[in-house]
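Just below is one structure, and these are the notes that go with it.
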Amino acid sequence: MKRLAAALAAVALATGAAEASAQPAQPPAPADAPAHVIVPPKLVKFVEAEFPPSEAKAGRGATVVLQISITATGGVADVAVQESAGPAFDVPAVAAARQFVFEPAVVDGKPIPVKITYRYVFKFEEKIVKKTTGDFAGVVRDRRSRQPMANVRVALDTGQQALTDDEGKFSVPDVAPGEHTVTLSGEKLATVGTTETFEVAKRLDAVYEVDPKKERSGGNADEEEELVVTAPRIKKQVVSTVVQAEQATRIPGTQGDVLKVVENLPGVARAAAGSGALVVWGSAPTDTRVYVEGVRVPRLYHDGGYRSIVSSDFVKSVELIPGGYGPLYGRGLGGLVTVALRPLDEPGIHGSVAADTIDASTSVRAQVTDRLHVAVAARKSYLDTVLGAVTSEDVGLYVPLPRYWDGQARAVYSLAPHETLEVGGLISSDRTTRNNPNPDPSLSTSSTSGTDFNRVYLRYEKHTAGGAIIVVTPSMGTDTTSLVDTYGSTVTELTNSSWVYGLRAGWQGPVEKFLRASVGVDVEAQTSSLHRAGSIGAPPREGDIYVFGEPPPSQINYDDWKTVIASVAPYAEGDFSLLDDRLHVVPGLRFEPYVTSTNKLTPPPAGSPNIAYTHEEGVIEPRLSVRYAFTPRIAGKAAVGIYHQAPQPEDLSSVFGTPALALSTAQHYLAGGVFQFTESLSVEMTGFLAEQQNLATRSESESPLVGQALVQQGIGRSYGTQFLLRQQQVGRFFGWVSYSIMRSERRDAPNLDWRLFDYDQSHVFTAVGSYDLGHGFEAGLRFRFATGYPRTPVIGAYYEAVTDTYEPIFGPHNSIRIPPFVSLDARIAKRFKLAAKTEAEVYLDVQNVTNHSNPEEIVYNPTYTQRGYITGFPILPVAGARLSW
Amino acid sequence: MVRAHRSLAFAVLAGLAAPLLGWPLLACKPNLDETVSIVTETRFLAVQAVPAEGAPSASVTFTALVVDPNGPVTSPAITWDFCNARNPLANLGPVNPECQDPGDANLVSMGTGAQASGTIPAIACRQFGPEVPEVVGNATPGRPVDPDPTGGYYQPVSLFLPESSGLITSSYGTRISCGLAEGSSDQANDYLARYHVNVNPAVASLVDLASGGAPLAPDAPGPAATNVVSAGQSLQLEVAWAACPLTDTCGDGICGADESITTCPADCTTPAGCTGAERYVNFDLGSQSLIDSREGIHVSWFATGGSFGLDRTGNDGTDTTTTSDNTWQAPGSPGTVHLWVVLHDDRGGIGWGAYTLEVQ
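Protein chains in written order, with this note's numbering: chain B, 232 to 1116; chain G, 26 to 385.
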């Protein structure tokens, strides 16, 4: 930026009204004539003229000669141009001179008015000044025709704006760094908006594709537009899939639940029917952590996997990272699911009411004041009531019918521009009951389970002028699980009541032109009170060999214990942008000391006090990812990382587990590439290897030591490749095809062979597509294929005389599989515009359209001489309706 | 026999749209032969130990009920073994799989035949009970075995019956009298005083309620008694067992759960049990206290022909009824049908009644 040079003034003094004037040469005056004392005027207040921008741009300076009339009091009576340098310079020079203040000229001690000649010099000097803002430019196009759209107003929340030219291009210079709302509006389109992040001294190029008003399906000009941003974004994670909420709700099988889309993403195994477990890259469900805006939650789905635990109206996007994530997160050997909540910044009051076969939900968002926005949502299921009314009573005997409800509340207060404070809460509850009486009470079974959790959090977020983002999120809550199973007279009880405390504080921002850093601390503590009674073999663990429905071992025990598991993890990560931003090297480090404590090391003899046990362990977790753009269309990536996970509180029982369990460890190795066919069509391939050590497994010993029912001898490995062919919204269509081929294995003890992991699925193929039919109609299809889970075959049986039952004799561990799962699902929806901002939608979501019989579990007859399959849902239609405003 | 626990029906959720679309609720349970009450091959129906419960080093006589479609197998060549292999925690079955291997080194032979006698190993309460297991060398002692819900521990017994179709194996657990695993010394002493060993249940009678309660004559040593039924006739069977006292009365001849040799020497000097649902003292792990419990009686029904309404019936410990009902329909063609009713109590005791029916 050029800076104005200081104007130099050359003053030529000329007396005006004074009598004194220059005399011609004459003979000396008589010796008795007196001399005049003249003091010229003195400029005491100089006013700098504005350097003409046009001249500065041209790099030109000039000098304007002015005649300034100065009064006897030192003010400026008049300014006249004597030598012009052109109007561009003359005008600012005169304007500045009129504001001059002088000490007046004095002749013989008396102030007099004078006229002076003043040379006002405009000097151009080029000076490099550090840029403190970013620039914004781009193009706006018609989504369908891909033609540029002129006269579209691109406006920022800073007040800056620009109009697109005939080529659809716009430019907005000097945008303050940080996150800004960008809105597009114009005669041919309704206002749409998005959010962009600007960095100092960087130019953000964006390509916006919108639907012009007249072409919008449904024919309603006021209908909310969708903005597709195809500007290149730098993805921090080597392998991750992000789905925006609006797309996720249109996937068949999700029934409008955004977070259900995770099941269709690459790397995710297909959960058994009615399970809802999240199995990512062959890791156990408890190894994958779920976060909602930085707050860890114990689950993503309610029992049965019918619904997620957060209202879709609250969700902005969901990201699945199957492995190799950076140091900002830890404490898990598997993957990561992060849910981003939509910002609360809409004016007015908005909400929705929805109902379908399974549950009913509602949400409301409102602007309370200019600075305060609030939102609440709630949902409750009634599937058990519906089925009870339309089906036989036997349904509840055999199928666990979940009963759940959840609620969320948020209040966001704008402390300042780009600075907010949010208070929020989540609550969720699940109950499942199943009773199966038998004429012989020793064969009667029942199961009652409950899972509740709640969270309260604060979230402070600030975007600085320097382009940094500061986020601090303290949180706390409770997790409560309970399970009571009976099999005849053998009762299994397991309850866990925990308090969970969390704190995430981080700063991320530009450090140098080539470096963006993240530093912070991630703290978590969990105190638990647990109770367990019954057989050590119930509930079964991963790796146990048993048959579905088999009675648990009849030996029983009992324990109450308390645990504390806590860790503090400072972390740092740097994103080095090299080779003109084509190469990103992202090293990271997470240092995490853990404390694991339990109040019982061994079962104490009667009357003896408990002996507590504390285990401390500090771990260093280096992480590294590299991304290289070979060409604008081809990019390669790789990542490595070390991860640790604390033992589950349930495993720290001195009776049923081992209080002295240490951390489990994993290493992730990823490599892959992305090819961008077009701006919206891409294919991504990732190969991965994950290795685990120190996994807790059952003791193989015939005489296990007291307090060591579990031993950390297990190791595991998961390896494979996943593919994702993704078409972002283009015209009326979006969709993706994902395929994973992988293998996940475990070895439970050094003397045992490798065996397939219980959740191993060799092949998982998912194809999803959604098409806008026009006139408010939309249709979607989903095809899924998944290899069945491994099972251990029964190769014989023997008669057990005490219980009068047959007991299975097993073959090699996990050496057979349930047959593959195949399903075609369809969705049809119709939207109606009821009023200016009120919309209704009805939909029919049909799972397993072809009524394919999918085996879900292997079962045997009582003598184990016959084997069959329990099959899952046949064609399952779910109808629903939604009203939003 | 209802085996819902084995093949938990996975009933389909047809959804709210089901009645609208006319879709019926579909059960997705496979069609497997779940009936075990009709004898179609040589098999074990029961194993009994006398006494039903014994201390380590006590003598026990075992008897097996082996049948085939023609009736009882009179001289099965059963090989009997005590199995001394402890069951690892990693195995969820009732016994160590090594006990099913007739050549395993952990087996201690008791002989061959329909019956066998043996001495409960002296270390039974260490190997399979609440006492600290044997230690080899300087190894650290392992964890004791957990009791079953009745507070019981069992010495495994393996049975091997060679047949033309292959080796038929069975496992039995003879209940062993051991002390308490937990509790104070006072509780342990109280338990020792009040706990009385189990007695096998016995069938008191089997009647046909449809015939006015006419009893079926049991098979007896010597010529089998004859019970005549018509082809296709439906019998409403009721099995009964002894009514054991619900409260302790000194002098009733039964040494009850709250009686001891000190409190009732008349009944407890030579304690006599009851062949029905006995009351017994048990140590409750949750409350860490001694409680009175009562056995349930579970009934298994078997026949070489016809069909039963239910494979298993029974009463739990809260049900004071001393009978259990079932239906049996005779086959449609004449012939001889053998029928067995086997009683199990909660503490591993077993007894049975055998009947021969002539279908005419």
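Heads up, the beta-carbon is just placed ideally off N, CA and C, and yes, glycines get one too.
Boundaries of the alpha helix (DSSP H) in which residue i is found, first to last residue
{"i": "Ala326/B", "result": "318 to 328"}
{"i": "Cys124/G", "result": "Segment: none, Cys124/G is in no alpha helix (DSSP H) and carries neither H nor E."}
{"i": "Glu286/B", "result": "284 to 289"}
{"i": "Asp211/G", "result": "210 to 219"}
{"i": "Asp753/B", "result": "Taken as a continuous stretch (DSSP letters only), Asp753/B belongs to no alpha helix (DSSP H), being part of the beta strand (DSSP E) at 746 to 765."}
{"i": "Asp173/G", "result": "Note, Asp173/G: premise wrong, no alpha helix (DSSP H); not H, not E."}
{"i": "Ala291/G", "result": "290 to 293"}
{"i": "Gln152/G", "result": "149 to 152"}
Close beta carbons around residue i, own chain, < 6 Å, minus the five adjacent residues each side
{"i": "Trp602/B", "result": "For clarity, residue 602/B is Arg in the given sequence; the question names Trp instead. Cβ within range, chain order: Tyr644, Ser645."}
{"i": "Leu734/B", "result": "Pro705, Val754"}
{"i": "Val715/B", "result": "Thr679, Glu724"}
Contacts of residue i in chain G (Cβ-Cβ under 8 Å)
{"i": "Ala771/B", "result": "Here residue 771/B turns out to be Pro, not Ala, going by the sequence shown. The answer, in chain order, is Leu117."}
{"i": "Ala940/B", "result": "Leu114, Arg168"}
{"i": "Arg929/B", "result": "Pro113, Leu114, Ala115"}
{"i": "Ser592/B", "result": "Chain G residues near Ser592/B: none, gap ~15 Å exceeds 8 Å."}
Nearest-angstrom beta carbon gap, residue j and residue i [assumed within contact, 8 Å]
{"i": "Ala606/B", "j": "Arg596/B", "result": "4 Å"}
{"i": "Ala877/B", "j": "Tyr802/B", "result": "The Cβ separation is near 17 Å, so there is no contact."}
{"i": "Gln313/B", "j": "Val278/B", "result": "That pair is no contact at about 19 Å."}
{"i": "Gly563/B", "j": "Asp518/B", "result": "5 Å"}
{"i": "Asn669/B", "j": "Ser675/B", "result": "4 Å"}
{"i": "Ala328/B", "j": "Ile301/B", "result": "Not a contact, Cβ separation roughly 11 Å."}
Residue i: first and last residue of the uninterrupted beta strand (DSSP E) it sits in
{"i": "Cys108/G", "result": "104 to 108"}
{"i": "Pro1039/B", "result": "1036 to 1041"}
{"i": "Arg634/B", "result": "632 to 647"}
{"i": "Gln385/G", "result": "Premise fails: Gln385/G is in no beta strand (DSSP E) and is neither H nor E."}
{"i": "Val546/B", "result": "546 to 552"}
{"i": "Lys1068/B", "result": "Looking at the DSSP string, Lys1068/B is not in any beta strand (DSSP E), and its letter there is neither H nor E."}
{"i": "Gln953/B", "result": "941 to 961"}
{"i": "Pro1108/B", "result": "1107 to 1115"}
Chain-order list of residues whose beta-carbon lies under 7 Å from that of residue i (same chain, five-residue window excluded)
{"i": "Pro913/B", "result": "Note on residue identity: the sequence assigns Ser, not Pro, to residue 913/B. Cβ neighbours of Ser913/B beyond the five flanking positions: Val905, Phe906, Gln907, Arg957."}
{"i": "Glu773/B", "result": "Ala515, Asp989"}
8 Å Cβ cut-off: residues of chain B touching residue i
{"i": "Thr338/G", "result": "Pro670, Asp671"}
{"i": "Leu310/G", "result": "Ala764, Ile787, Asn788, Tyr789"}
Under 7 Å by beta carbon: chain G residues contacting residue i
{"i": "Leu936/B", "result": "Thr165, Gly167, Arg168"}
{"i": "Glu852/B", "result": "In chain order: nothing, as chain G lies at least about 31 Å away."}
Interface partners of residue i on chain G, CB under 9 Å
{"i": "Ile1047/B", "result": "Chain G residues near Ile1047/B: none, gap ~16 Å exceeds 9 Å."}
{"i": "Asp1056/B", "result": "Within chain G, no residue comes near Asp1056/B; the closest Cβ sits about 13 Å away, beyond 9 Å."}
{"i": "Thr721/B", "result": "Asp173, Pro174"}
{"i": "Glu1072/B", "result": "Residues of chain G passing the Cβ test: none, with the nearest at roughly 17 Å."}
Cut-off 8 Å between Cβ atoms - residues of its own chain near residue i, not counting five sequence neighbours on either side
{"i": "Ser539/B", "result": "Asp488, Val489, Leu490, Lys491, Leu531, Tyr532, His533"}
{"i": "Asp277/G", "result": "Pro270, Asp292"}
{"i": "Gly342/G", "result": "Ala302, Ser318, Arg319, Glu320, Gly321, Asp371"}
{"i": "Gly340/B", "result": "Val268"}
Cross-chain neighbours of residue i in chain B, by beta carbon under 7 Å
{"i": "Phe69/G", "result": "Tyr1030, Ala1032"}
{"i": "Gln125/G", "result": "Tyr1029, Ile1040"}
Strand pairing of residue i, partner residues [DSSP]
{"i": "Trp738/B", "result": "Ile701/B, Val750/B"}
{"i": "Met707/B", "result": "Val687/B, Tyr732/B"}
{"i": "Trp421/G", "result": "Because chain G here runs from 26 to 385, residue 421/G falls outside it and cannot be looked at."}
{"i": "Gln261/G", "result": "Thr352/G"}
{"i": "Pro1093/B", "result": "Paired residue(s): none; Pro1093/B is not in a bridge."}
{"i": "Glu1088/B", "result": "Ile1101/B"}
{"i": "Gly191/G", "result": "Glu188/G"}
{"i": "Met973/B", "result": "Gly951/B"}
Contacts of residue i in chain B (Cβ-Cβ under 9 Å)
{"i": "Ser196/G", "result": "Tyr1029, Tyr1030, Glu1031, Ala1032, Val1033, Glu1038"}
{"i": "Ala110/G", "result": "Glu933"}
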